[in-house]
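These notes concern the structure reproduced below.
There are 2 protein chains.
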Amino acid sequence: MSLFLQTIPVSEAQQIASGLSGPMPEELVPLGESYTRVLARDIHADVDIPGFDRSVMDGYAVRSSDTTGAGEAIPAMLRLVGRVVMGGGTDLSVHRGECVYVPTGAPLPEGADAVAMVEYCDLLGDQVLVKKPMANGENMVRRGEDFASGELVLTEGRRLSIQDTGALAAVGKKDVPVRKKPLVGVISTGSELVPVDAVPTGGQVRDVNSYMCRSFLDSVGCESRLYGIVRDDRESLGNALRTAMTECDGVLISGGSSKDDRDMCADLIRENGEVLVHGIALAPGKPTIIGRLGRVPVLGLPGHPASALVVMTVIGRPLFRGLTGERESERLVERAILARNVPSMKGREDYIRVFVKDGCAHPLFGKSGLLNTLVRSNALIRVPAGSEGFEQGDEVEVFRW
Amino acid sequence: MSLFLQTIPVSEAQQIASGLSGPMPEELVPLGESYTRVLARDIHADVDIPGFDRSVMDGYAVRSSDTTGAGEAIPAMLRLVGRVVMGGGTDLSVHRGECVYVPTGAPLPEGADAVAMVEYCDLLGDQVLVKKPMANGENMVRRGEDFASGELVLTEGRRLSIQDTGALAAVGKKDVPVRKKPLVGVISTGSELVPVDAVPTGGQVRDVNSYMCRSFLDSVGCESRLYGIVRDDRESLGNALRTAMTECDGVLISGGSSKDDRDMCADLIRENGEVLVHGIALAPGKPTIIGRLGRVPVLGLPGHPASALVVMTVIGRPLFRGLTGERESERLVERAILARNVPSMKGREDYIRVFVKDGCAHPLFGKSGLLNTLVRSNALIRVPAGSEGFEQGDEVEVFRW
């Protein structure tokens, strides 16, 4: 009865999706525009960072051996022989029995191997009383301790975080080699669809998925081009597919919701390329299509917005990482306690929308077509294919969306 | 000795920061560009969604009472009186003993109150054998069940998610009322700083914080204008402050790292406006300044990149939410098991950089100035002011960054 009886497991579909395409070519972007871009090359330090032994406190640069045994009662008495000024180098040296004032961030004079914080010192004329013994290396960072010249700082495939852009500044990357953003064509099919500015009548609904696809693509680092609502007859859809595969690096089709429409969509991908997967043991999201149009990867989504978003999250993320070149990062495992039982059918992976609050995951059961539960949910929980569900009080893994 | 002895608790500083300014005025943006923007008004449904009783399966629209007691052995036998076509309305009706084929997403004919999935039916000529009893409402969504006309869909202050943009499409919002993005001026001070394309010599370091500030501002929905490296003399910094407060909606100053520089920065804010906080019981991040230049909020960060990022995360987020109008969302509580003891001083909130993997938080201890640990960390853990730290094996809350 159904063409989707030969479903494949989610993990297999994810593997096929992520291997569909190689990464985009690289381009240089100014550092100030590199945040969230995907690094195209390993980045090494061009110099020692810091380039000098650096104080991390306001205090006195000392030879730590001069402060052995020092305390409140018997402070070490050192002669202040100068002050280091921020920004310049220093010609000063600290000999036995001497010290030099250094502000936070300034270079230590030669001979000094520790910084005594001002809070632990008294200044009497040109004498500094140090009331605490200092360890070698205390309150300072050694030259090259953060990154030594030539050391690996960031690896290719990393999606640049806030602090990554800081590290790139530190190693002098005024322009950053990143992957070009893929352009992904979005086609919405379904004779029931009307544009967002129309008022639906009869059996019509507004085109929700074009916009969800665009937002999703933005979230995974892709540009998008909306081809609008394409009538689901063979000619219109075939033409749209051929245009998109010529103009874009990837294609997302939000399929017609009926079986006939989905079958036509698969046929047309086959005519213009190859269908690799048609049917995944995934709920919601069984009638998903993974294919290729020439060298352009294509993902066919179910028409229901909620199913479409689950498929984008579970299958689309690995698929488009193939294009963007982003390596999967160690993700934070987020856990929550289940507030209600979640039954599930064995043999398929179930993704349940939940609202997580104060460590508790509240399942939002609801019919698969509802936007309502989609908007109220802030995460998904996954029920593996081998499980018959979870019970109230179980600790479950939570996937943000 | 220190000017920061009068520190205030983190929660108090956060409250002051978040109350510093009202939200930006609103503007309309096209729906396709609204993702991650902050909604400026409540959004209500303009029509019933769906606008008709809608099938969520491919199957036969039936009167559920006709299927009472139906099973494999004794199926209900119904006469097929028509097929609903996608996209149009339907003039068909289902009378007692009748059924009508409906594809997924199509409207139910009058009289029908359930959909029997094709998988549970056999078609014999114009007779349909239904082998399962159907409940009233099964496999269908009623008119207005997702959102009734006039119902609240999204509330003001929400940062639009992927699915939110879908919901806006469903209710016909071709243009979306959002808050204008605030423009925040970024000033980097410190005589030790050189631009990113210079090779540092002597006691110089490259300007890291300008870029981290820019990336951070991007992440919280602000535009930024970099004023570059400003010499930390009174005249240069004063001029930069006055320019930024005229041109921008907020100001971030990455302070000189020495105490003298920080004091000068606070003095200049006081001369041109008001210092509300100077010193927070926060580590790292004690020498933070919160102030106002006219009506423009200003945040003074410590010079160390790691401290600066902690302050942006802990204090900057609530401060800039005041401008962007974003309401704090129910955040996912992320938990992890601590891999090592984390000692902490009572009386201040400690934020420790960690790397979370497989549910385990590995503290990255290191000197506060290092970018190295910053880049390797994927999260922060918080040790409350009243605590002396956590022990290995403790479950801790984790803040992504």
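Those protein sequences? They're chains A and B, same order as listed.
Quick note on my numbering: the first sequence kicks off at 1134 and runs consecutively.
Quick note on my numbering: the second sequence kicks off at 1134 and runs consecutively.
Backbone N, C-alpha and C define an ideal beta-carbon position, used for all residues, glycine too.
These numbers come from a predicted model, not from an experiment.
1) Where does the unbroken beta strand (DSSP E) through I1362(B) begin, and where does it stop?
2) Quick one: give me the first and last residue of the beta strand (DSSP E) that Q1260(A) is part of.
3) Measuring only the C-alpha atoms, how far is R1428(A) from S1343(A)?
4) Could you tell me which residues DSSP puts in a beta bridge with G1318(B)?
5) Going straight from the alpha carbon of L1136(A) to that of I1413(A), what length do you get?
6) Closer than 8 Å, CB to CB, is I1295(A) near chain B or not?
7) Run down chain A in chain order and give the residues with a C-beta less than 8 Å from the C-beta of Y1168(B).
8) Could you name the residues of the same chain whose beta carbon sits closer than 8 Å to that of G1222(B), not counting the 5 residues immediately before and after it, in chain order?
9) Can you give the Cα-Cα distance for L1409(B) and I1422(B), rounded to whole angstroms?
10) What are the partner residues of R1425(B), as DSSP defines its beta bridges?
11) Mind listing the chain A neighbours of F1498(B)? Cutoff is C-beta to C-beta under 8 Å, in chain order.
12) With DSSP collapsed to three states, give me the class of D1191(B).
13) Kindly list the residues whose CB is nearer than 7 Å to the CB of M1134(A), restricted to its own chain and excluding five residues on each side of it in sequence; keep chain order.
14) Got a sec: which bits of the segment 1365-1376 of chain B sit with their beta carbon under 9 Å from any beta carbon on chain A, in order along the chain?
15) Please name the residues in the segment 1201-1230 of chain A whose beta-carbon is closer than 9 Å to at least one beta-carbon of chain B, in chain order.
16) Check each candidate in M1190(B), D1382(B) and D1279(B) and name the one with the smallest Cα separation from K1313(B).
17) Go through the segment 1235-1321 of chain B residue by residue and report every complete run of the alpha helix (DSSP H) that reaches 4 residues or more, in order.
18) So if DSSP puts P1163(A) in a beta bridge, which residue, or which two residues, is it bridged to?
19) Just the Cα atoms here: how many angstroms apart are E1278(A) and N1505(B)?
20) Going by beta carbon distance, what residues of the same chain come within less than 8 Å of D1308(B), once the five residues before and after it are set aside?
21) Once you ignore the five residues that flank P1333(A) on each side, which residues in its own chain have a CB closer than 8 Å to its CB?
22) Could you check the C-alpha separation between V1227(A) and T1201(A) for me, to the nearest Å?
23) Classify S1144(A): buried if its beta carbon has 16 or more other beta carbons within 10 angstroms, exposed otherwise.
24) Closest to H1177(A) by C-alpha separation, out of V1248(A), K1265(A) and V1286(A), would be which residue?
25) Measure the beta-carbon distance from N1272(B) to S1197(B) and round it to whole angstroms, keeping in mind my assumption that it falls under 8 Å.
26) Residues in its own chain within less than 6 Å of E1467(A) by CB, not counting five upstream and five downstream?
27) Determine the burial state of T1237(B): buried for a count of at least 16 other Cβ atoms within 10 Å of its Cβ, exposed for fewer.
28) Could you list which residues in chain B have their beta carbon closer than 9 Å to that of K1307(A), in chain order?
29) By a C-beta neighbour count over all protein chains shown, 10 Å radius and 16 as the cutoff for buried, is S1154(B) buried or exposed?
30) Taking the Cβ atom as the reference point for each residue, do P1496(B) and R1473(B) lie within a distance shorter than 8 Å?
31) With 9 Å as the C-beta to C-beta threshold (strictly closer), list the residues of the segment 1512-1526 of chain A near chain B in chain order.
32) Taking the Cβ atom as the reference point for each residue, do G1076(A) and T1169(A) lie within a distance shorter than 8 Å?
33) Which value, in whole angstroms, describes the spacing of the CA atoms of R1098(A) and Y1193(A)?
34) Taking its Cβ as the centre, do 16 or more other Cβ atoms sit within 10 Å of C1133(B), making it buried, or is it exposed?
35) Would you mind stating whether V1171(B) and R1358(B) have Cβ atoms separated by less than 8 Å?
36) Skipping 5 residues on each side, what residues in its chain have a beta carbon closer than 6 Å to that of V1180(B)?
For this structure:
1) E1356 to V1363
2) Q1260 to V1263
3) Rounded to the nearest angstrom, the two C-alpha atoms are 23 Å apart.
4) R1358(B) and V1384(B)
5) Low confidence applies to L1136(A): its pLDDT is 47, below 50, so where it sits in the model is not reliable, and the reading given next is rough at best. C-alpha separation (whole angstroms): 12 Å.
6) Yes, contact with chain B.
7) Residues of chain A with a Cβ closer than 8 Å to the Cβ of Y1168(B) are, in chain order, R1347, S1348, D1351 and S1352.
8) Taken in chain order, the residues that qualify are F1185 and P1240.
9) 8 Å
10) E1407(B) and P1430(B)
11) Within chain A, no residue comes near F1498(B); the closest Cβ sits about 14 Å away, beyond 8 Å.
12) coil
13) For M1134(A), the pLDDT reaches just 35, beneath the cut-off of 50, and the residue's location in the model is therefore unreliable, leaving the point undetermined.
14) D1365
15) V1217, V1218, M1219, G1220, G1221, G1222 and T1223
16) D1382(B)
17) 1295-1303
18) D1308(A)
19) 9 Å
20) L1161, V1162, P1163 and L1164
21) V1327 and R1339
22) 16 Å
23) exposed
24) That would be V1286(A), whose Cα lies nearest to the Cα of H1177(A).
25) Not confirmed; about 10 Å, so no contact.
26) V1531
27) buried
28) P1328, V1329 and D1330
29) buried
30) R1473(B) sits close to P1496(B), with the two beta carbons spaced by under 8 Å.
31) Result list: A1512.
32) Outside the shown range of chain A, which is 1134 to 1534, sits residue 1076(A), and nothing can be said about it.
33) Look at the range of chain A in this structure, 1134 to 1534, and you will see that residue 1098(A) is not part of it.
34) Absent from the model: residue 1133(B). The displayed extent of chain B is 1134 to 1534, so no value can be given.
35) no
36) S1282
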